[in-house]
Amino acid sequence: MKSLAAAVLGLLVLGSAAGVAGEELQGVPVVLHVHSDLSTGDLSLDELARMARAQELGGLFLVENYLLRAEYGLAPFRALTRVTHEQRGVLTSGLEDYLARVARARRAHPELLIVPGVEVIPHQYWSGSPVGLAMTLHNTQKNLLVFGLSDPAALRSLPVAGNPHARRYGWQSLIDAVPALLLVPGVVLLLTKRVHRQRVGRAIVLVRRRHWVLGGALAIVGTVALVRGWPFTIDAYPPWRDFGVAPYQELIDHVERLGGATIWSFPEAWDEGRRSIGGVKVSWRTEPYPDDLLRTFRYTAFAALYEQTTRFTQPGGAWDRLLVEYAAGERSRPAWGVGESGFHGTAAGKRLGAIQTVFLVRDRSEPAVLDALKRGRMYALQRVPEASLVLADWSVAAGNAVALSGETLRVAEGTPIDIRIAVDAVGAGAEGLRVTLVRNGAVLNAWGGDTSVRATHREIFDGRPLVLRIDARARVPHRLITNPIFVARR
């Protein structure tokens, strides 16, 4: 195990150093999307850190659940009739406590990068009705991962479903406040004594009575409405209808303004379930949403590789379309690909390091890996403990100018460019290597080898923007996906 890790690290350092003159980079293998027992995970931070060290990983990107809360209220008075179901999340259990526990874990394991993040649900909505005894909550797993925000106040402000700190006032606020106004006449009736004339024999007696029943009923309804509805704010995108990608774009832009990074989580995964509550069949469903990655902008990355078959990264697929749009100036930034684990525990044979994101950095620090994430200087990797694919070189050169993953090489039209590729299969069980070079969405070339591929493709730059990336595969489950290198006219 140690010899394999040493070989991998050595190849990464040599390959990266060759790519940029005078700039030595090292590969830091990280498991991205890990839950601890602070939210929905089975293991403590200390247990996760010890497991990561045993596997000689360089870091963990934690994504504790931010807020797992679903609510439903009948129209028109949704606050008064609201029913809520909530599970543990770091917003309710305490963001300060979450960040403090991460800081303690870092001190206990200084050789391991532990980066705190959150997994958020920007929006979810209902279809069906309790009257029809069947309801469905949509998009419970249509999530974004947020990194790079270490200030509790900034994290508390995220515009996501159910966050009381990000709610606003709207027309529904006025409607929900109407029942609370019944408290006023209720109190008046309870405090006011009304005079009644009552005959007693031949005499008429004046009796002062309070309207206990009516006044009490109004006061109770008004009080309950006030308590349940206060402060009468609602989500910017309430759960009673589908708002499309608007809630997700708002979150992406909000995190962007705060200086953080957002990652679309498992865009082609399917999730559903059902349970009965008081005779009502309540279902939850999340359908694959790869098209939403084309309809949103300015997010940092998406899950390009995880333990499920995907089509988004196939040559000529949606990722290439997105990258070509960026190269043509139709997008302000590209979307980088990462490997996403989704690790909650070791149940069902789940392994911590099966899916990795390898960051190419100058130093092993949180700012360095976050900078690499934003710049696209990393690759996604699927592997087994005893063997792995290794990216030894991935660069595009024109003379002394060299570009690595995530970078743009700017050259004059008619300039020769060299596309350099070096991938190795290290360890037993990773044979049968095949490396595919994708150019503007089309397969340009492919090379095969038992345990190693070394290739250089030369062409003359004709002035049209180029998007270049490689997809390497070996014996299942081994796979490696790089981020693109762009070539543009100077």
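With positions in the sequence shown counted from 1, the corresponding number in this note's numbering is that position plus 97.
Ideal Cβ placement from N, Cα and C applies to all residues, glycine included.
Asked: Return the CA-CA distance between Gly170 and Ala333, expressed in angstroms with no decimal places.; Found: 16 angstroms
Asked: Using only alpha-carbon positions, find the residue among Phe244, Tyr345, Gly434 and Leu234 that is nearest to Ser502.; Found: Gly434
Asked: CB-CB under 8 angstroms to His554, same chain, minus the five flanking residues each way: which ones, in chain order?; Found: Asp515, Ile516, Ile518, Leu534, Leu541 and Asn542
Asked: Could you name the residues that DSSP lists as bridge partners for Val532?; Found: Trp544 and Ala569
Asked: In chain order, what residues of the same chain have a beta carbon less than 8 angstroms from the beta carbon of Ala205, not counting five sequence neighbours either side?; Found: Asp143 and Ala146
Asked: Using only the heavy atoms of the ligand COA, determine whether one of them is closer than 7 angstroms to the beta carbon of Ser438.; Found: The model depicted lacks the ligand COA and carries no ligand whatsoever.
Asked: Can you give the Cα-Cα distance for Ala118 and Val458, rounded to whole angstroms?; Found: For Ala118, the pLDDT reaches just 42, beneath the cut-off of 50, and the residue's location in the model is therefore unreliable, leaving the point undetermined.
Asked: For the beta strand (DSSP E) containing His182, list its first residue and its last residue.; Found: Val180 to Gln184
Asked: Pull up the distance between the alpha-carbon of Trp223 and that of Ala263, whole angstroms please.; Found: 20 angstroms
Asked: Just to confirm my understanding: we take Arg589, look at its own chain, exclude 5 residues before and 5 after, and list those with CB closer than 7 angstroms. What are they?; Found: Since the first residue shown for the chain is 98 and the last is 587, residue 589 is missing from the structure and cannot be characterised.
Asked: Assuming contact is defined by CB atoms lying nearer than 8 angstroms, are Met475 and Ala469 in contact in what I supplied?; Found: yes
Asked: List the whole-angstrom C-beta distance separating Val364 from Pro387, where the pair is believed to meet the contact cut-off of C-beta under 8 angstroms.; Found: Per the sequence presented here, residue 364 reads as Pro, with Val not at that position. Sure, about 5 angstroms apart at Cβ, within 8 angstroms.
Asked: May I ask you to verify whether the segment 226–242 touches the segment 315–333, counting CB pairs closer than 8 angstroms and requiring at least 3?; Found: no
Asked: Answer with buried or exposed for Gly283, where buried requires no fewer than 16 other C-beta atoms within 10 angstroms of its C-beta.; Found: buried
Asked: Can at least three beta-carbon pairs, one atom from the segment 194–205 and one from the segment 340–356, be found at a separation below 8 angstroms?; Found: no
Asked: From what residue to what residue does the alpha helix (DSSP H) around His87 run?; Found: A question about residue 87 goes unanswered here, because the residues of the chain that appear run from 98 up to 587.
Asked: Do you know whose CA, among Pro574, Ile374 and Leu530, lies nearest Ile567's CA?; Found: Leu530
Asked: Quick check: the segment 439–452 against the segment 185–198, are there 3 or more CB pairs under 8 angstroms?; Found: no
Asked: Here's a check: name, in chain order, each residue in its chain whose Cβ is nearer than 6 angstroms to the Cβ of Asn236, leaving out the five neighbours to either side.; Found: Gln221 and Thr383
Asked: Could you tell me the boundaries of the beta strand (DSSP E) in which Glu504 lies?; Found: Premise fails: Glu504 is in no beta strand (DSSP E) and is neither H nor E.
Asked: In the DSSP assignment, what residue or residues form a beta bridge with His554?; Found: Ile516
Asked: Quick one: grab the DSSP three-state call for Ala231.; Found: strand
Asked: Strictly by DSSP, which residues pair up with Asn162?; Found: Glu216
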